[in-house]
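Protein chains: 4
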Amino acid sequence: MLDSVKATVEDPALVRSRRAQLVAAAIALFNRQGFFSTTVKDIAREAGFSAGLIYQYVGDKQDVLFLALQKIVETNKERIPAALEGVTDPLARLVTAIEAYCRVLDANGDAVLLTYRESKSLKQAHKDALKQLERETNAMLSACIEDCIASGWLRTEKVELLTYHIVVVAHAWALKHWRLREITTLDEYIRLNVHSAWQACLTPQGKRHQVRLQAGAQSAR
Amino acid sequence: MLDSVKATVEDPALVRSRRAQLVAAAIALFNRQGFFSTTVKDIAREAGFSAGLIYQYVGDKQDVLFLALQKIVETNKERIPAALEGVTDPLARLVTAIEAYCRVLDANGDAVLLTYRESKSLKQAHKDALKQLERETNAMLSACIEDCIASGWLRTEKVELLTYHIVVVAHAWALKHWRLREITTLDEYIRLNVHSAWQACLTPQGKRHQVRLQAGAQSAR
Amino acid sequence: MLDSVKATVEDPALVRSRRAQLVAAAIALFNRQGFFSTTVKDIAREAGFSAGLIYQYVGDKQDVLFLALQKIVETNKERIPAALEGVTDPLARLVTAIEAYCRVLDANGDAVLLTYRESKSLKQAHKDALKQLERETNAMLSACIEDCIASGWLRTEKVELLTYHIVVVAHAWALKHWRLREITTLDEYIRLNVHSAWQACLTPQGKRHQVRLQAGAQSAR
Amino acid sequence: MLDSVKATVEDPALVRSRRAQLVAAAIALFNRQGFFSTTVKDIAREAGFSAGLIYQYVGDKQDVLFLALQKIVETNKERIPAALEGVTDPLARLVTAIEAYCRVLDANGDAVLLTYRESKSLKQAHKDALKQLERETNAMLSACIEDCIASGWLRTEKVELLTYHIVVVAHAWALKHWRLREITTLDEYIRLNVHSAWQACLTPQGKRHQVRLQAGAQSAR
DNA sequence: GATGAATGAGGCTTCATTCAT
DNA sequence: GATGAATGAAGCCTCATTCAT
């Protein structure tokens, strides 16, 4: 993963830390101004080092974009397992995973928009790498769904289609944030829009199980 | 609408036709290469005239982007009323509007992606104009929903939120086309993902009415 | 003179009138914006006809500049004989010629500046033509001076040098107008600066004659 | 003074030396071809570096013009005090200052013409800065004149008007050089035209003092 | 390893000039 | 004769990338 981008500097620890600076600066700027309107010097200044140095850790301006988008997608991917830690009930896991996912997107805000907006500018290999990462993230949601199906709580024709339904509605919170924040809140959005995406697929037993879970959550407070 | 972009040529018919050429060329290229990687000369060549001529019909390269995005959004907006022509039953109207909308997006394909990707590069006034157009398109779906509510077929807390749910799932077909086309078809996507967005809101009467409608459609074939 | 600039239109009366329009427009614009910052379209618009038409009366944008500068210099040249009409006394003729010259320059204002500023942009033949015209104008002043010398009123080593002295001090009124108008008036400037240029050359008889003339002018009022 | 033009390079010594190259190249070219007919690439080539580099030392092509004109006017301004070094007699100082001024103008030749020709193209702030510099130069001549008045050698109604008289006659040597060099020499021009500008203002004592000075100069040889 | 001055290709835009109507 | 749309060369300027220090 690291080697898909070339660095001339040897020390891998240094490479990692420099690239972290680089990527943080890049994400901030790409969000603010977009990829093309951000100059390499902008990135260098924001990252706190000289323009020339960038080319010791990256082959290309495009590589910076790739590292930035990769960082964003990886962050998304890491948060879900963290949130699922300790949760065992399949339906509870699905709910938890979705909520975690939505809240990462909300926090990362326009980074999501960034992946939609600027992916076009990547070389094909990098595009593919990102799509693969996204698939892996989605696979975690799909796994939760399949567990629910195995438990008899859910029924659906195509798991991945349902996954995508959830994913895009979640993404939409970031993509259409300019309008949605005027008419609702994140919590309401999750409840009304995101969760509704899969509730139509609940089996009768699933529904009963859900009621039980909510009652438990209620009394647990 | 026309005057938000300045032309030095007087004849409005000529302005219209030249701009149509321009916009067609621009949409094709922006889809292929993105806004920033497309040069003004590229556009001129694709449109079939000289580079200088562009500036008789447009003040700016950005203006071309605006005209292109505007064209896309307007096309979306025009197809819905056309499809609704002659349909009177509120629920049938909702279904028809949604299907029409999805099929325009499918046809215009990556143009939708374009609006997400490149809107950033517009001047604020142009961004606002596009958002207004989008709101107007959405309002047509909202109106269908409200008719269904008035008829007692649907119930929902926030009409516009439901509208956005539908809209983003529809857009997702274009945004995630690279993956979705591998796992489903447009028809299935509409049935499983788009329509499911509102069916959770059907009232019992609504459900019965829907069954009746589908039976009618069946026998009409 | 006319033929140093080519016209495709035959009718000489038309050529004259069109060119007059052209030149008037050009002088106004060149004064305001300079030669290079004035576009051919600007000139056409100011003159009240289409851009293409200019090329029927002129070969070049440079030709317009030449016609404009020529017009200015010719105007200067024509006013002096007009003012001298009926004046016979040599010293009175000199005074009259200088005053006339200064007042034309004051009226034509920045046109003078124009000849200094933009002559550089002319083709050599046109530069020469203008210098010749300027020499002819100066020759009229020189003639007055020589008459005064012949009458014994003036004495100077080099007539043309004295002429130039007068000319440049007169031009300075236009060239340094931005500052001079803050510290004096045209009348005072003529009295203190322009006329002083030659009064050092008056012979004793010349001085006496001058006193007589002024007394005459006084009593004539 | 330096900061009225922006540079992205930090090192002030480098800025100074690069700008000196730039200005030297620019003055040569502007004299030869005028400001508008000189391209930025021309300047770069003449200065001996790449086109892009110019924009590290200057914001604009116009800024180059400003620096060039500023350099010219400043040179004029610096030579006068240098020439006055050690001269104490007020009348001698006036004569010395004028001669120094004329000889700078003669050496800088067409640079003077440049200030008349191209000032138009400057932004207002830069125009004002140059006018201020010119005023300061003139003030040095005015001071000499006032000393002479205080000593009783000269009498004049308006000191600054007399200063301008001297200045423009001196400038004329550069402006009308194409003709004047045909009919006279610099020395004769200074004697007959420039100095005559103020000799009419000599008081009787002033005249006597002048004779004494010249006698002294004579015997000193 | 780090700096930042230097390079130079290439983009957007203007505008003198032509030419079909 | 007049119009003004169309052409295309060329200018200014930006910026990714290199390289001497």
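Protein chains in written order, with the numbering used here: chain A, -10 to 210; chain B, -10 to 210; chain C, -10 to 210; chain D, -10 to 210. Virtual Cβ for every residue (Gly too), placed ideally from N, Cα, C.
Ordered list of alpha helix (DSSP H) runs contained in the stretch 46 to 122 of chain B, each at least 4 residues: 50 to 73, 79 to 97 and 99 to 107
Assumed close pair D/Thr85, D/Ala72 - CB separation to whole angstroms, cut-off 8 Å: 6 Å
Straight-line gap, A/Leu54 to A/Phe24 (C-alpha atoms, nearest Å): 7 Å
Short CB-CB distance (under 9 Å) between B/Asp31 and chain A: no
Cβ-based burial, D/Leu3 [other Cβ within 10 Å; buried from 16]: exposed
Check whether D/Arg8 and D/Tyr44 have beta carbons under 9 Å apart: no
For C/Leu143, the residue or residues it bridges with in DSSP: C/Leu191
Given B/Ala161 as reference, the closest of A/Lys50, A/Val157, A/Ala163 and A/Trp162 once Cα atoms are compared: A/Val157
is_contact[A/Gln188, chain B] using C-beta, thresh 9 Å: yes
Closest residue to A/Arg180 among A/Glu88, A/Cys190, A/Lys196 and A/Gln121 (Cα-Cα distance): A/Glu88
DSSP three-state assignment for A/Ser39, whether helix, strand or coil: coil
Contacting positions in the stretch 17 to 29 of chain C - beta carbon closer than 9 Å to chain D: Gln22, Gly23, Phe24, Phe25 and Ser26
Beta carbon proximity, A/Phe182 to chain B, threshold 9 Å: The sequence given here has Asn at residue 182 of chain A, not Phe. Chain B contact via Cβ: present.
Interface residues of chain A facing B/Arg106 [CB-CB closer than 8 Å]: Tyr105, Arg106, Glu107 and Lys109
Interface residues of chain A facing B/Val158 [CB-CB closer than 7 Å]: His154, Val157 and Val158
Cutoff 9 Å: C/Met(-10) Cβ touching any chain D Cβ: Low confidence applies here, because C/Met(-10) scores a pLDDT of 46, under 50, leaving its location unreliable and the question unanswered by this model.
D/Glu125 (DSSP reduced to helix, strand or coil): helix
Closest by C-alpha distance to B/Val62, when choosing among B/Asp117, B/Gln22, B/Leu83 and B/Glu35: B/Asp117
Spatially closest choice to D/Ile138 from D/Leu169, D/Arg106 and D/Pro193, by CA coordinates: D/Pro193
Test: A/Tyr46 CB closer than 9 Å to a CB of chain B: no
B/Gly48 versus A/Trp167: straight-line alpha-carbon distance, rounded: 28 Å
Amino acids of chain A, ordered along the chain, whose beta-carbon sits closer than 7 Å to that of B/Ile172: Lys147, Glu149 and Leu150
Through-space distance from D/Tyr153 to D/Thr211, alpha-carbon basis: Nothing in the structure corresponds to residue 211 of chain D, since chain D is present only between -10 and 210.
D/Ala206 versus D/Ala40: straight-line alpha-carbon distance, rounded: 53 Å
Three CB pairs or more closer than 8 Å across the stretch 19 to 37 of chain D and the stretch 95 to 111 of chain D: yes
Residue burial classification, C/Lys(-5) (beta-carbon count within 10 angstroms, cutoff 16): exposed
Exposed unless 16 or more other CB atoms sit within 10 angstroms - verdict on C/Leu103: buried
Nonlocal neighbours in the same chain, by C-beta distance under 8 Å from C/Leu11, ignoring five residues either side: Ile32, Ala36, Ile43, Tyr46, Val47, Val53 and Leu56
Under 9 Å by beta carbon: chain C residues contacting D/Leu175: Per Cβ cutoff of 9 Å: no residues; D/Leu175 is ~12 Å from chain C at best.
Beta-carbon contacts of D/Glu125 that lie in its chain and below 8 Å, excluding the five residues immediately before and after: Lys66
Residue-chain proximity (C/Tyr90, chain D), Cβ-Cβ < 9 Å: no
Short CB-CB distance (under 9 Å) between A/Ala(-4) and chain B: no
Neighbourhood of B/Ala13 by C-beta, 8 Å cutoff - its chain only, sequence neighbours within 5 removed: Ala36
C-beta atoms of B/Pro79 and B/Ser131 nearer than 9 Å: no
Candidates A/Lys30, A/His115, A/Ala15 and A/Glu(-1), of which the one nearest D/Thr(-3) by Cα: A/Lys30
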